[in-house]
Amino acid sequence: MSRAIHVTLLAADPAATVGRLGDAADEVSVVTDPEALVASPESVLVVSGAVEAGLVRAAAALPWRSVVLDLGAATDAETLASLGPARPLQSRWIGHLPVVSLELGGTTDLDPVALTAVSTLLRDRRSEHETLRRQYFLLEADRREHVAAVDRLEADREHWTSEVERLTERARRAERGRRKARTELDRLRRSRAVRMTALLRGLRRRVPGGTAGLAVVLAGAAVVALAAAALVTWLVAETGHAGLAALGVLTLAGLVVTTAVLARLLSAQGRRARTAAETEAERARLAFTELRRGQRSVRKRVMTLDATQEDVVQRLARLELALTNLDVRSDRADDPA
Numbered sequence: 000m001s002r003a004i005h006v007t008l009l010a011a012d013p014a015a016t017v018g019r020l021g022d023a024a025d026e027v028s029v030v031t032d033p034e035a036l037v038a039s040p041e042s043v044l045v046v047s048g049a050v051e052a053g054l055v056r057a058a059a060a061l062p063w064r065s066v067v068l069d070l071g072a073a074t075d076a077e078t079l080a081s082l083g084p085a086r087p088l089q090s091r092w093i094g095h096l097p098v099v100s101l102e103l104g105g106t107t108d109l110d111p112v113a114l115t116a117v118s119t120l121l122r123d124r125r126s127e128h129e130t131l132r133r134q135y136f137l138l139e140a141d142r143r144e145h146v147a148a149v150d151r152l153e154a155d156r157e158h159w160t161s162e163v164e165r166l167t168e169r170a171r172r173a174e175r176g177r178r179k180a181r182t183e184l185d186r187l188r189r190s191r192a193v194r195m196t197a198l199l200r201g202l203r204r205r206v207p208g209g210t211a212g213l214a215v216v217l218a219g220a221a222v223v224a225l226a227a228a229a230l231v232t233w234l235v236a237e238t239g240h241a242g243l244a245a246l247g248v249l250t251l252a253g254l255v256v257t258t259a260v261l262a263r264l265l266s267a268q269g270r271r272a273r274t275a276a277e278t279e280a281e282r283a284r285l286a287f288t289e290l291r292r293g294q295r296s297v298r299k300r301v302m303t304l305d306a307t308q309e310d311v312v313q314r315l316a317r318l319e320l321a322l323t324n325l326d327v328r329s330d331r332a333d334d335p336a
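Next up, the structure:
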């Protein structure tokens, strides 16, 4: 449904001009006094014939939807009918603004000053339209740039979201590895304690008291030797045979040698047992140290991953804020008003 056409007429012969307009105009206001001019962006100004220059100048200073300069029969009902909302004068639109044009034809007796005033009005309207058109194109370019920036930030947000998920998974794996390392460390500690206890028990069984054990062995040997000497002395006194005395001396020497050999063997066996126990203890200590080092490395790695994850979360928050700001700017660019 087309809008109503309101015409403000400045004419030397208003009756003849209204007759030519016919039914093309829904409402015609004939104005002869500059004080009575009331214009709006919905009104069409028609200047017909030799109109007073002052009246034309006053009309030129007001905003009109279109201006028609009637110099005779060139402006008819069909021409004015083309001023509807979908078909402005000469059927031309730029953006949302109709193109203001002159309809010239026939002969004219219009005052040159009036013609200059109308032409100036048309140039001003064209300049205003060009300015608005440039602003529209600049806003459109700015909006496209904002949309591209939003797309880039959305891609960055997806990238960093996947990065956070990847780092979170790495942190979970590191935590599992840390728990496994601690379990292995506890197992080695228990194993080390059990093995050390077993070694110490073995040493106590194999070397009864170390030096004290050797002293006990020697003391026992001395007691046996004294008993043997007493026995030999008693036999010699009873029998009177010197051979028995020699046999007693040899027996005593054999006992002393046997005791020394046994003490040496026991001492060597004790040293070997202690060496083996110390070797096992050193191996367990090295394994324990290695596990502690691995545990510290895992803990440091987990702390690094936690710090990296926190940094990624902060960057995501900043990206969200930037996206919100860009959305606001895009909305403003889409709505120039």
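Per numbering that gives the first Met the number 0, the sequence shown starts with residue 0, numbered consecutively.
Glycine included, C-beta positions come from ideal geometry on N, C-alpha and C.
Under the three-state reduction of DSSP, Val222 is assigned to helix. Between the C-alpha atoms of Ala35 and Leu320 there is a straight-line separation of about 56 Å. Excluding the 5 residues flanking it on each side, Arg125 has no same chain C-beta neighbour closer than 6 Å. Residue pairing of Ser28 in beta bridges, as defined by DSSP: Thr7. Here Ser47 is not near Ala14, since their CB atoms are 7 Å or more apart. Here Ala58 is buried: its Cβ has 16 or more other Cβ atoms, across all protein chains shown, within 10 Å. Residue range 42-47 is occupied by the beta strand (DSSP E) that includes Val45, with no alpha helix (DSSP H) assigned at that position. With a contact defined as Cβ atoms closer than 8 Å, Val27 and Leu54 miss out at about 16 Å. About 6 Å separates the Cβ atoms of Glu41 and His5, confirming a contact at the 8 Å cut-off.
Annotation for Ala59: the continuous alpha helix (DSSP H) segment containing it runs 52-59. Residue burial is scored here from C-beta neighbours: Thr160 has fewer than 16 other C-beta atoms within 10 angstroms and is therefore classed as exposed.
For Trp159, the three-state secondary structure derived from DSSP is helix.
By the criterion of a C-beta distance shorter than 6 Å, Thr31 is surrounded by no residue of its chain, once the five residues flanking it on both sides are discounted. Straight through space, the alpha carbons of Arg171 and Arg292 are spaced by roughly 20 Å. Under the three-state reduction of DSSP, Ser39 is assigned to coil, being neither helix nor strand. Assignment of Asp12 by DSSP, reduced to helix, strand and coil, places it in the coil class. Across the structure, Val222 and Leu265 are spaced so that their CA atoms are roughly 20 Å apart. The alpha-carbon separation between Val29 and Leu44 amounts to approximately 10 Å. Separation of Arg151 and Glu168 (C-alpha to C-alpha, rounded to the nearest whole angstrom) is 26 Å.
Closest by C-alpha distance to Gln313, out of Gln134, Val163, Ala140, is Val163.
Look at Pro62 here: in three-state DSSP terms it is coil, with no helix or strand label. CA-CA distance, Asp155 to Ala140, rounds to 23 Å.
Spatial neighbours of Val256 in its own chain (CB-CB distance under 6 Å, excluding positions within 5 residues in sequence) are not present.
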